[in-house]
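Residue numbers (the UniProt record's numbering): 1 to 227. Below: the structure, in structure tokens.
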């Protein structure tokens, strides 16, 4: 019991805000820290690219056809409610690399905000705008540029913001898989080596990086806010 109490006291002293900030300051000057950030960014943004490639066409088709929406609404809602981490055993079996499995998990988390926010944006389009564009003999590109994209821009950036937020949450436990880089791996490694002050610093860094990215996307979304 005494050993447990001493150990607990040591852990508490290591994860105080002061120690976390001091360790974060030390991390800033370590090249390995930026390698972990880059590895996590690569996985997240590659997965987001795939989620956009998959989500935008599906969202456009889903939103533009009531029969398709009726057929796929229930399956989409059920799939959306499944925790992305629940797919982990399947991802490990299907993909021959850990990176592939991690990216798959992030895509499964990120694609749904994109699909449903795009659907919401498409619902705001007044068909009259399309008729006006056609009356000026606007081709499909100009219809997209002047009528459709302005209508869905805010909802699409909001969907991207939500997708990035959930991806940032998923990346840490996903990187507990067999990779040797990334912020999730770094946290797991700090725990295994009992470096609790570094662990707290990494958690703080993840929060700060996530907040910075979210603030940028929020400002981008506000740029497209219109009535």
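Glycine included, every Cβ here is placed at the ideal spot set by N, Cα and C.
Could you check what DSSP says for residue 193 in three-state terms: helix, strand or coil? Stepping through the chain shown from its first residue, residue 193 is reached at position 193. Residue 193: coil per DSSP, three-state reduction.
Could you tell me which whole beta strand (DSSP E) segments of length 3 or greater appear in the region 157 to 209? none
Cβ-Cβ distance between residue 137 and residue 221 below 8 Å: Looking up residue 137 in the chain shown gives position 137. Looking up residue 221 in the chain shown gives position 221. No.
Where residue 223 falls: helix, strand or coil (DSSP): Along the chain shown, read from residue 1 onward, the residue named residue 223 stands at position 223. Helix at residue 223.
Output needed for residue 27: all residues of its chain with C-beta closer than 6 Å, excluding positions within five of it in sequence on either side, in chain order. Against the chain shown, residue 27 aligns to sequence position 27. Taken in chain order, the residues that qualify are 33 and 201.
Give the list of continuous alpha helix (DSSP H) stretches no shorter than 4 residues that lie fully inside the region 128 to 156. 140 to 143
Which ranges would you report for the alpha helix (DSSP H) in the region 35 to 59 if only whole runs of at least 4 residues count? none
Contact set for residue 186: own chain, Cβ-Cβ below 7 Å, skip 5 residues either direction: Translated into the one-based positions of the chain shown, residue 186 becomes position 186. The residues are 36 and 202.
Check whether the region 115 to 130 touches the region 52 to 68, counting contact only when three or more Cβ pairs, one atom from each stretch, lie closer than 8 Å. yes
Closest Cα partner of residue 163 within the set 48, 41, 105 and 219: Along the chain shown, read from residue 1 onward, the residue named residue 163 stands at position 163. The shortest C-alpha separation from residue 163 is found at 48.
Is it right to say residue 267 is buried, meaning 16 or more other beta carbons lie within 10 angstroms of its own, or is it exposed? Residue numbering for the chain in the displayed model covers 1 to 227; residue 267 lies beyond these limits and cannot be assessed.
Straight-line Cα distance separating residue 103 from residue 88: Working through the chain shown from its first residue, we reach residue 88 at position 88. Working through the chain shown from its first residue, we reach residue 103 at position 103. Looking at the two C-alpha atoms, the distance is approximately 11 Å.
Along the chain, where does the alpha helix (DSSP H) containing residue 22 start, and where does it finish? Reading the chain shown from its first residue, position 22 is the one you call residue 22. Run containing residue 22: 17 to 28, per the alpha helix (DSSP H) assignment.
If you reduce the DSSP assignment to three classes, tell me which class residue 99 lands in. As a position in the chain shown, residue 99 is number 99, starting the count at 1. Here residue 99 sits in helix by DSSP.
Does the region 77 to 91 come close enough to the region 105 to 118 to have 3 or more Cβ pairs within less than 8 Å? yes
Where does residue 31 land, buried or exposed, given buried means 16+ other C-beta within 10 angstroms? For this step, residue 31 is matched to residue 31 along the chain shown. Classification for residue 31: exposed.
Hey, is residue 144 close to the ligand SAM, as in C-beta under 7 Å from one of its heavy atoms? Summarising the ligand content, the structure contains no ligands, and the ligand SAM is consequently not present.
Between which two residues does the alpha helix (DSSP H) holding residue 69 run? As a working mapping, residue 69 is identified with position 69 in the chain shown. Per DSSP, residue 69 belongs to the alpha helix (DSSP H) from 66 to 81.
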